[in-house]
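Numbering (the working numbering), first residue to last: 1331 to 1467.
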């Protein structure tokens, strides 16, 4: 586990650590309150991976795909059962990084128990900066 403190507009240290530490195929849960910077971090990660597309929160579409190996999910308004029934669970079998906003502990434990590589980034606002606690689940 590591903690990095950075402002929202200077996330290079955070993205560099993630790119160096997290394997090519992983599920990354972003945990934080509303407006803590989950989508901002996702944008920074995408940029660090050379993705030029505009990254937006998939609040209504539930999933955005950027290229062949970068996936972004927003599970704010969906239960795990519905997630499974929609077939989105199978998306985790695709190679790449799967960034999950608003995923709960039940889903994280399920994914760990069936063998996925899962990481958690907990974002905590601290004045004008954020603390990023990064750990392998």
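Every residue gets a Cβ at the ideal spot worked out from N, C-alpha and C, and that includes glycine.
This one's a predicted model, so the numbers in the text were calculated from it and none came from an experiment.
For the stretch 1394-1427, list the beta strand (DSSP E) runs that are entirely contained and at least 3 residues long, ordered along the chain. 1400-1404
On the DSSP letters alone, give me the boundaries of the alpha helix (DSSP H) that residue 1346 sits inside. 1342-1351
Closer than 6 Å by C-beta to residue 1402: which residues in its own chain qualify, once you throw out the five before and the five after it? Chain order, please. 1372, 1388, 1394 and 1429
Please list, in chain order, all residues of the same chain as residue 1378 whose beta carbon is under 7 Å from its beta carbon, the five residues on each side excluded. 1345 and 1349
Under the rule that 16 or more other beta-carbon atoms within 10 Å means buried, what is residue 1404, buried or exposed? buried
Can you name the residues that DSSP bridges to residue 1463? 1333 and 1452
By DSSP's criteria, residue 1385 is part of a beta bridge. Which residues make up the other side? Partner(s): none; residue 1385 has no beta bridge.
Thinking just about the alpha-carbon of each residue, which of 1392, 1440, 1360 and 1415 is nearest to the one in residue 1461? 1360
Is the separation between the beta-carbon of residue 1447 and that of residue 1357 shorter than 8 Å? yes
Compare the Cα-Cα distances from residue 1436 to each of 1383, 1455 and 1410 and report the closest residue. 1410
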